[in-house]
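Counting from 22, one number per residue, gives the positions in the sequence shown under my numbering. All residues carry an ideal CB built from backbone N, CA and C; glycine is no exception. Report on one structure; see the data block that follows.
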Amino acid sequence: MADVIVIGAGLAGLNCAALLREHGIDVEVVEASDGVGGRVRTDHVDGFLLDRGFQVLFDGYPEAKRALDLDALDLKAFQPGADIWWDGRMRTIGHPLRDPRSVPQALKAGIGGPGDVKAAATWLRQAKPLATATAPETTADQRLRDLGFSDAVRERLLRPLYRGVFLDPDLNVSSHLIDQVFSQMASGRTVVPARGMGAIAEQLAARLAGGSIHLNERVTKVGEGSVELASGTTLHAEHAVVIAAGTVDACALAGIPAPDARSSTCLWYAAASSPAGKRIVLDGDGTGPVNNVAVMSEVAPSYAPAGQSLIAASCVGLPAGDDAALDAAARTQLTTWFGSRVHTWDLLRIDRIEWAQHAQPPGSLSSGVRWLRDKVVLSGDGTENASIDGALRAGRRAADLVIAATVAAKV
Ligand SMILES: Cc1cc2nc3c(=O)[nH]c(=O)nc-3n(C[C@H](O)[C@H](O)[C@H](O)COP(=O)(O)OP(=O)(O)OC[C@H]3O[C@@H](n4cnc5c(N)ncnc54)[C@H](O)[C@@H]3O)c2cc1C
């Protein structure tokens with residue numbers, strides 16, 4: 022009998038459990054897989070750090086600042102802006118605020134015109150963090166049109182950039198989300214921890230009591246203050262069971278319909294030399310299959326052994342064909358970007374992640390962290406938004422509910 026059982030050692034479950042423990046509440050975490058982190062894990066492969074799918078942290082995420090010791094993560098930053106492959110050549114756009122000279126350079130390179138500079142300035146003034154968003158909600162695609170960006174900037178820069186963030190080819194995503202991400206990118210840094218994205222989860226897990234995370238234990242049923250494990254054991258919680266099992270599993274355990282999935286595929290390559298710098302490289306032509314490339318070892322040298330480079334080539338969705346066909350198609354595309362050296366790269370791994378995020382159309386964003394029934398709380402990114410920030414917030418809100426209930430029970 023624990024005070025609280027948390028299902029899932031992803032960021033939501035770990036943050037919830039860490040906060041409960043810090044309030045003197047005895048928590049046990051039950052995790053189906055063989056490690057902590059859920060969708061945010063890093064594997065050590067031949068001296069490379071391979072995250073499970075390409076992902077990044079925005080160091081301005083309000084909930085990350087609240088939940089994490091960012092300094093201890095030894096964050097390494099991408100260079101702001103982007104390199105865009107479009108119409109047979111690579112063009113660079115810098116951060117207009119931090120590097121004002123990049124604006125005339127981008128205009129000279131044919132990336133947009135004065136109308137786009139005006140649209141970006143308007144967006145900067147209007148974009149707000151999610152919690153304070155008040156503008157009428159529409160789709161991200163419509164938001165970019167309403168701001169008045171030219172077709173070229175929308176199609177060549179903004180769509181590939183935000184397709185890569187939301188994994189939604191049509192940008193049928195709440196405009197409040199694209200506003201939030203734009204404001205994070207404009208005001209903060211895009212980073213990865215030196216020890217890989219999995220270090221975020223490890224930091225949270227280190228705040229729990231030794232032996233309180235039970236790996237390789239799948240919950241098959243949730244009762245009021247109890248869980249049944251696949252092994253046949255039943256565990257009991259005095260105050261609450263918190264379901265933080267990732268959107269699809271959480272919905273199944275809660276008995277509610279799951280939203281649609283947004284998928285992602287990442288090809289990890291090792292190379293003798295780096296094909297690009299610290300900026301993200303975008304497919305401005307929209308030909309695919311690769312939507313964006315990041316040289317992780319340029320951003321964080323610890324991601325690769327000395328003298329080697331680690332390249333993440335990311336696709337939105339799950340491209341058809343087997344690994345050999347996808348690898349061949351990616352190399353054909355990237356040879357036009359980086360030249361014939363692409364054929365010397367070694368393919369380390371392909372991550373095909375069906376359930377990377379959930380669909381987040383307008384109207385889907387209200388917080389769903391709640392008591393489902395007596396002694397059962399629903400949490401996880403599906404109850405906030407599909408991001409590290411959303412998962413951490415979902416964990417904190419679940420902890421707040423449980424703490425309030427335990428305090429009330431003692432009075
Ligand atoms: C490829 C990819 C790219 C992404 N890019 C970004 C990005 O750049 N920036 C960003 O902010 N976010 C990004 N995200 C989203 C972000 O990673 C997630 O929103 C967040 O990690 C979700 O955390 P969670 O704890 O809610 O769920 P999860 O991480 O899914 O954790 C749920 C845990 O529950 C466990 N579990 C499931 N069922 C059971 C069961 N029955 N019993 C016990 N345990 C169970 C799972 O094994 C898992 O460990 C990305 C995600 C992916 C996959």
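Task: Under 9 angstroms between C-beta atoms of Gly133 and Arg122 - done: no
Open item on the list: Only counting the same chain, and skipping five residues up and downstream in sequence, which positions put a Cβ closer than 6 angstroms to that of Gln354?
Closed with: Val311
TODO: Alpha carbon to alpha carbon, how far is His44 from Ala33? Give it in angstroms, no decimals.
DONE: 17 angstroms
Open item on the list: According to DSSP, simplified to helix, strand and coil, what is Thr135?
Closed with: The sequence shown places Pro at residue 135, rather than the Thr named in the question. Of the three classes helix, strand and coil, the one that applies to Pro135 here is helix, per DSSP.
TODO: Using three-state DSSP, classify Leu18 as helix, strand or coil.
DONE: Because residue 18 is not part of the residues shown, which for the chain are 22 to 432, the question remains open.
- [ ] Run through the stretch 94-129 for me and flag every whole alpha helix (DSSP H) of 4 or more residues, listed as ranges in chain order.
- [x] 123-129
TODO: Could you tell me if the beta carbon of Asp372 falls within a distance shorter than 8 angstroms of some heavy atom in ligand 1?
DONE: yes
- [ ] Indicate whether Gly246 and His235 have their beta-carbon atoms separated by less than 9 angstroms.
- [x] Not a contact, by the Cβ cut-off of 9 angstroms.
Open item on the list: Suppose contacts are defined by Cβ-Cβ distances below 9 angstroms. Is Gly74 in contact with Ala334 by that definition?
Closed with: No. Outside cutoff.
Task: The alpha helix (DSSP H) enclosing Glu84, as first and last residue numbers - done: 83-88 is the span of the alpha helix (DSSP H), which, as asked, contains Glu84.
- [ ] Could you tell me whether any non-hydrogen atom of ligand 1 is closer than 8 angstroms to the CB of Val287?
- [x] The sequence given here has Cys at residue 287, not Val. Yes.
TODO: Tell me the start and end of each unbroken alpha helix (DSSP H) in the stretch 220-302 that is at least 4 residues and wholly inside, in chain order.
DONE: 268-275
- [ ] Going by CA-CA distance only, name the one from Ala425, Ser54, Leu339, Ile26 that's closest to Arg239.
- [x] The shortest Cα separation from Arg239 among Ala425, Ser54, Leu339, Ile26 belongs to Ser54.
Open item on the list: Below 8 angstroms, is the gap between the Cβ of Ser408 and the nearest heavy atom of ligand 1?
Closed with: Yes - ligand 1 has a heavy atom lying nearer than 8 angstroms to the Cβ of Ser408.
Task: Which listed residue (Arg177, Thr241, Gln201, Ala271) has its alpha carbon closest to that of Ile105 - done: The option with the nearest alpha carbon to Ile105 is Arg177.
Open item on the list: Which of the three DSSP states is assigned to Arg370 in this structure?
Closed with: strand
Open item on the list: Using only CA atoms, which one of Leu96, Thr365, Gln329 lies nearest to Ala220?
Closed with: Leu96
TODO: Keeping to the same chain, check which residues put their C-beta closer than 7 angstroms to that of Ser204; ignore five residues upstream and five downstream.
DONE: So the qualifying residues of the chain are Ala148, Lys149, Pro150.
Task: Residues near Leu347 by beta carbon distance below 6 angstroms, same chain, minus five either side - done: Within the same chain, Leu347 has close Cβ partners Pro340.
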